[in-house]
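Q:
2 protein chains.
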Amino acid sequence: MSNLSLAAASAVDDIRRANLRRLLAPKSIAVVGASADPSKAGSQAMKSLSTFPGCLVGVHPREKEIQGFPCYPDFASLPEPVDLAVLAIPAQHCVKAAADAAARGVGGIFIISGGFGETGEAGAALQAQLAEICRKTGLRLLGPNTSGFINPHNACVASFVPGVDKLPKGNVAVIAQSGGVNLSISFLVERLGAGLSLAVGLGNAVDVGSADVLEMLADDPTTAAIALHLEGVPNGRELFDTLKRVTPRKPVVALVAGKADIGEFAVSHTGNLMGSHQRTVSALTQAGVVVVGSTEDLAQAAVVLAHQRLAPKERNAFGLVTGQAGPGLLIVDGLKSAGVDVPELSPASIEKVQALLPPMTFVKNPVDTGRPGPGFPLVVQHVAEDERIDAVLVFGLSEPAVLDPSAALKPAFVSTGKPIVFGTLGMAEDLVPALEDLRRDGVPAVQSPERLVLSGVALDTDSRAQWRLARLSGEGTVNVGQQLVGPFNEDRSKELLGTYGIDSPGRRLCVGRAAALEAFQQLRKPVVVKIAADDVPHKTEVGGVFLDVRDLAGLNEALDSIARIPTSTPDRVLVEEMAPLGVELIVGAVRDSSWGPCVVIGLGGILAEAVADSAVRLAPLAEEDVSEMLESLRGKKLLDGFRNLPRCDRAAIRKVALALGRLLIEHPEISEVEINPLRVNTEGALALDALVVLAPST
Amino acid sequence: MSNLSLAAASAVDDIRRANLRRLLAPKSIAVVGASADPSKAGSQAMKSLSTFPGCLVGVHPREKEIQGFPCYPDFASLPEPVDLAVLAIPAQHCVKAAADAAARGVGGIFIISGGFGETGEAGAALQAQLAEICRKTGLRLLGPNTSGFINPHNACVASFVPGVDKLPKGNVAVIAQSGGVNLSISFLVERLGAGLSLAVGLGNAVDVGSADVLEMLADDPTTAAIALHLEGVPNGRELFDTLKRVTPRKPVVALVAGKADIGEFAVSHTGNLMGSHQRTVSALTQAGVVVVGSTEDLAQAAVVLAHQRLAPKERNAFGLVTGQAGPGLLIVDGLKSAGVDVPELSPASIEKVQALLPPMTFVKNPVDTGRPGPGFPLVVQHVAEDERIDAVLVFGLSEPAVLDPSAALKPAFVSTGKPIVFGTLGMAEDLVPALEDLRRDGVPAVQSPERLVLSGVALDTDSRAQWRLARLSGEGTVNVGQQLVGPFNEDRSKELLGTYGIDSPGRRLCVGRAAALEAFQQLRKPVVVKIAADDVPHKTEVGGVFLDVRDLAGLNEALDSIARIPTSTPDRVLVEEMAPLGVELIVGAVRDSSWGPCVVIGLGGILAEAVADSAVRLAPLAEEDVSEMLESLRGKKLLDGFRNLPRCDRAAIRKVALALGRLLIEHPEISEVEINPLRVNTEGALALDALVVLAPST
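Line order of the protein sequences matches chains A and B. If you read the first sequence in our numbering, its first letter stands for residue 173, the second for the next number, and so on. If you read the second sequence in our numbering, its first letter stands for residue 173, the second for the next number, and so on.
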């Protein structure tokens, strides 16, 4: 691309960004298809928008006024180019309207009607035309096939479901693939006593996608946290890169639909090891997102993170003060199960807390105060002041006579600045006033033991993810290697991996028995003899691998057997030194159509494959990524000298995983690479078998 | 035990049961330690109970009247033996008070004060005395160390936390180990628009435990569902037997604290395969309980099951009708991930539904209506009438203008009698009236997509568990075998298993080289040669196992190596035929100190052990139990001909697992038995190694 066209592209990008802000925070709106007939969408749209404080007009071929608002016959006649045009007209008229809107300088359009990509080929064609108009002109398009958006700060209710106009303004933003989920999350946020800065359903997302809105919200001063709902992710790598820029500025919590997804088929086992849901969750996590499992958790975690955020840190220590032992036990259990630290308080803190409480209460952390008494606020204060503690969770059932949550928590929050979250339950009439006081203090309150656990996990996960992101070195420039052409047999695959610093056992590729014999004499015994035919991808399954060959008799037996396997090159064998014992892993990398190069690590063997015990991350990887991937394996015990296995050299595994990521980045023509098994012991890691698959087009 | 003492014991049991009902649904109450001083517990107790409509009196050495209620100096002076005595006196006075209460014929006592087992030895001694009084007299004791109970139908608020007197009456019962959790769950039930039949916190549970209250509630006409919270379970087998009797009559939902539990150490690998949390969850599930993971899910599932219950069935088919596609996708995803069937509707139903909806909507199941229109009630009706469908879930955001939930769901519920649950979200002001209408119709309403999933899962789990329970044959009488004495080496262990119909490969136990040579000649080659020393429990780890021995040279090599292993019997070896290839499982049984005999099945190999992929059930097992255990293994694919493994004969696995359960029941002196590995292929199952461990006392 020339510098000139680069500059032009950058200018269009600036226009697109500005137009997205105009669309979602409009000062002027036109309703196309505005109607006086109350059964028409155009009438409902005018009605919903009637309280919009900015300029609202209709576009209608004949009417001059609808519901008291002026009407114009077309875009060209509008007195000014409106920020947002709402299209309440049938699908087949939308393309022309979009073109007209773009020509008049409208910022963005929102299409109410369905009948596009979700309905078949004809609709998809319309959608493609809309996309083309947007791409060329910088016009932005929300939808089609969505219930729209609500911007309460702007009093813009561009959504036509009753009740949504009552959603309060606040600092939580919602971005949902689905309009219905957008509203579900928004109602849940309202129920938690919080409000919205923006709530948008993307629908078919022909133009405006989650990455666009995320980028915009990163700069939005009214947004303190973002709740994100995803179904499929067509442009995963773009979303990943966007999120890595957004999450350091605003916490993002996400819910990903499709966990029942079975995963796609791929040539290698690596592909089968990871489903598309796992890929999405892994990529989001890697980009600093807190991933949760339900709309309720999504709303709750976003509301908590909108109040408070922990500074980036490798691990955080939580203090827990509870007025009741039983719920306290559930909370500690939940935190520990999620891997959140609840360490013992410092001796000085324990002494101070002990002085405030009856003997026999448990004070080391959690602090179980028994029924809250007058010393409760000071207990919270001492725990918050403990240098070992990064954040404090407090649980107490509603007892207005003995516990005023604001009086108990605010002093500690104000004096230490550490995040504090209150968990409680009680009759609403008793609770509501107390919780409103707390919210005014900046302390989030959640209603159940498990929601307090969720709050702690969300604060910790967010902080740890940012700590990791901040440590990632810049990705640097990519050395694109010389383009490789196929086919890749095992020997050539290992040779390529060798150039990336990945070791494999000493070996000779031999044609004919004499060559095999010579190789056998040169190599360290015992050896493995394997078929080396390009047309046999799964060597073991055809009986083409002979382990532990120690003498000439064994060698001849192996060569005889291999010679009987049907292949075009029956006399080609690989003679290889037997590797020392160790733990077997499978390490691979695939080029995902959405997320780009991903690295997968799993434990070797068919059980690992059957239980899909694997971890996946997007390349390029940092050392920490691989460490975390290994920690996340259910069978990770095997790496640390389990039973009579050797302890694994984790640095060697890291080196291999990083190299495979780099290989896929530097060689776009490779679609998959797999080392299966990678044998690891205290001495290092050896690729015992390797497979490189080139993309079909190369 | 003589017939006479049996009769006496049964009479005491009857008294205990009657006294428990008197305690928890009293007609008369005495507060011991009643006080005019408002700072005293005895004053708070009188105050909380002041609205009790039955007879309320105080017991005080001097006062004649407190807060307007008559007082008596001691139990003996009471005009009648009250049903419940609330003891608001220090711990050290409670034992005498309990004895006096029992002597006066009081039904039960509830001790407010702490200072018992939870505080150390002196408190534990007091507790033991209380237990002894209860055991001898039939007096019942709630607590100590609990916040008490609430029986709203009886207007009895024997709990002294503000707000609990406002908890409404209803048909959900709560039984919690912890007083604080009891109140947490009760508040959550209230929040869902439901009410309580009884809510009790057991505290130290010296006398009244969960099994007692469960048994009582099974007969309680006001209770429709029971929410159970457990921490530790000291008398697991009693609870298990009770639950098997209770769950067919009333649905029970349970939350078990302690999932971060690490599990106990045991001699065999079997013991390490299952933690105590897993054991509890498995036992409850087997007894027909729906186990959930949070207080919110506990309250929600109990409220749903209190409305409706599916008839016992092997699997249930759910229909889903949704007004919004996005939430519908989350719901189907959740149901499928939980293993709940959402099958395609019958062609006739599809046709009927299609006629009511715009083209292009998805109607096969889920039925996505798009925005609800006038046809919505008929769509629900058609889905409910489909013969393939057992229950219907309906989701729709609150849109009072277009969707009246009661009008949409009630006709289908009334005409088909099938369970129907409504899921929704919206502004409370719009929702509350609509949901109250629905509740009056007997249709539960839940607020979020995931709560609708939970409702479906709870209905299905409950129904399937009852189907399984109903099919279990009576356990019959136990044949106690001749008492076995140790030690058990591999050969003797296999011999014992053989008497239970468990096969193992042909073998000879040999002392000396000549015997081994003779065995080698008689057995089918190749053979395995193993050390057979009672003082070597882990043969492989000392290098005492030689596989694939095919000739005399190999045999001698194996014998030489084994002879060098330090043991008191170096010349004892087991020569055994090599088993054919297959999948390796570990099948064992342990005698749990709480739950009694449990059977464990896991996949073999160290990875399976490292990832703890196992299933556990209490013996005796039914065939269905073993089938479900195998289905629950994460690596279950390995059983069905995965890669180049043979398909496993599941009937053979069932036979082995059932036999191990029977073995532990018939031989109380055995503490553990383990087959590791059990090799299984299409032909059957062979125990390749076996270990029998006797209890230390035998």
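All C-beta atoms, glycine included, are put in the ideal place defined by N, C-alpha and C.
Report the partner residues of T223(B) according to the DSSP bridge assignment.
A: According to DSSP, which records beta bridges pairwise, T223(B) is partnered with nothing at all.
Q: Return helix, strand or coil for D797(B), following the three-state DSSP convention.
A: helix
Q: On the DSSP bridge list, what partners appear for F594(A)?
A: Beta-bridge pairing links F594(A) to V566(A) and A617(A).
Q: What does DSSP give as the partner residues of V747(B) in its beta bridges?
A: R680(B) and V701(B)
Q: What does the Cβ neighbour count give for Q496(B), buried or exposed, with the cut at 16 atoms within 10 Å?
A: buried
Q: Applying a beta-carbon distance threshold of less than 7 Å, which residues of chain A neighbour G320(B)?
A: Listed along chain A is no residue with a C-beta nearer than 7 Å to that of G320(B); the closest approach is about 13 Å.
Q: Tell me, to the nearest whole angstrom, how far the beta carbon of I758(A) is from that of P621(A); I am working on the premise that it is less than 8 Å.
A: About 40 Å; that fails the 8 Å criterion.
Q: For D602(B), decide whether its Cβ has a neighbour in chain A, counting only Cβ atoms nearer than 8 Å.
A: Chain A, which has a Cβ nearer than 8 Å to the Cβ of D602(B), makes this yes.
Q: Does the separation of the CB atoms of P677(B) and L860(B) fall below 8 Å?
A: For P677(B) and L860(B), yes; Cβs fall inside 8 Å.
Q: Of the choices N661(B), P198(B) and V475(B), whose alpha-carbon is the least far from that of L256(B)?
A: P198(B)
Q: In the DSSP assignment, what residue or residues form a beta bridge with F585(A)?
A: Answer is none; F585(A) lacks a bridge partner.
Q: Output needed for A426(B): all residues of its chain with C-beta closer than 6 Å, excluding positions within five of it in sequence on either side, in chain order.
A: L400, L456, V461 and V463
Q: For I734(B) versus V701(B), is the C-beta distance shorter than 8 Å?
A: yes
Q: Assign A300(A) to buried or exposed, taking buried as 16 or more other Cβ atoms, counted over all protein chains shown, within 10 Å of its Cβ.
A: Per the 10 Å Cβ criterion, exposed.
Q: Any C-beta of chain A sitting closer than 8 Å to the C-beta of R815(B)?
A: yes
Q: Where do the N-terminal and C-terminal ends of the alpha helix (DSSP H) with A327(A) fall, by residue?
A: That residue, A327(A), is in no alpha helix (DSSP H); it is neither H nor E in DSSP.
Q: Does A197(B) come out as helix, strand or coil in the three-state DSSP assignment?
A: Here A197(B) sits in coil by DSSP.
Q: Would E756(A) be called buried (16 or more neighbouring beta carbons within 10 Å of its own) or exposed?
A: buried
Q: Going along the chain, which residues of its own chain have a beta-carbon closer than 7 Å to the beta-carbon of G646(A), five neighbours each way excluded?
A: Low confidence applies here, because G646(A) scores a pLDDT of 49, under 50, leaving its location unreliable; read the following figure in that light. If we look at G646(A) and ignore the five residues flanking it on each side, it has no Cβ neighbours.
Q: Kindly say whether V353(A), judged by its beta-carbon, lies nearer than 8 Å to any beta-carbon of chain B.
A: yes
Q: Please confirm if I778(A) has its CB atom under 8 Å from at least one CB of chain B.
A: yes
Q: Any idea which residues DSSP pairs Y244(B) with across the strands?
A: V231(B)
Q: Mind listing the chain B neighbours of L360(A)? Cutoff is C-beta to C-beta under 7 Å, in chain order.
A: L597 and S620
Q: Under 7 Å Cβ-Cβ, which residues of chain A neighbour R806(B)?
A: V783
Q: Below 7 Å, is the gap between the Cβ of G754(A) and the nearest heavy atom of the ligand HEM?
A: The ligand HEM is not among the ligands present in this structure, which contains no ligands whatsoever.
Q: Any beta-carbon of chain A closer than 8 Å to the one on L432(B)?
A: Reading the sequence as shown, one finds Ala at residue 432(B) and not Leu. Using a CB distance cut-off of 8 Å, A432(B) counts as an interface residue toward chain A.
Q: Find the nearest neighbour of G833(B) within the set L858(B), G375(B), S799(B) and A794(B), judged by alpha-carbon distance.
A: Sorting L858(B), G375(B), S799(B) and A794(B) by C-alpha distance to the C-alpha of G833(B) places A794(B) at the top.
Q: Looking at T596(B) and S570(B), is the spacing between their C-beta atoms short of 8 Å?
A: yes
Q: Can you grab the Cα-Cα spacing for the pair F692(B) / P752(A), in whole Å?
A: 32 Å
Q: Within 8 Å of any Cβ in chain B, is that where the Cβ of G882(A) sits?
A: Limits of chain A in this structure are 173 at one end and 870 at the other, which puts residue 882(A) out of reach.
Q: Tell me which residue opens and which closes the beta strand (DSSP E) that L402(B) is part of.
A: Looking at the DSSP string, the run of the beta strand (DSSP E) that includes L402(B) is A397 to L402.
Q: Using a Cβ-Cβ cut-off of 6 Å (strictly less than) and excluding sequence neighbours within five positions of E436(B), which residues of its own chain qualify?
A: Caution is warranted here: a pLDDT of 34 is assigned to E436(B), below 50, making its placement in the model unreliable, and the coordinate value is therefore given only provisionally. So no residue of the chain qualifies.
Q: So that I know if they touch, is there some Cβ in chain A lying closer than 8 Å to that of D861(B)?
A: no
Q: Counting only Cβ pairs nearer than 9 Å, list the residues of chain A close to G491(B).
A: Neighbours of G491(B) in chain A, taken as residues at a C-beta separation under 9 Å, are lacking, since the least C-beta distance is about 18 Å.
Q: Using the three-state DSSP reduction, which class does G435(B) fall into: helix, strand or coil?
A: Residue confidence for G435(B) is low, a pLDDT of 34 falling below 50, so the modelled location carries little weight; the figure read from the coordinates is stated next. In this structure, G435(B) counts as coil in the three-state DSSP scheme.
Q: Can you find the residues in the same chain that come closer than 6 Å, C-beta to C-beta, to L858(A), ignoring five residues on each side of it along the sequence?
A: Only D675, S676, P677, A751 and R851 meet the Cβ criterion.
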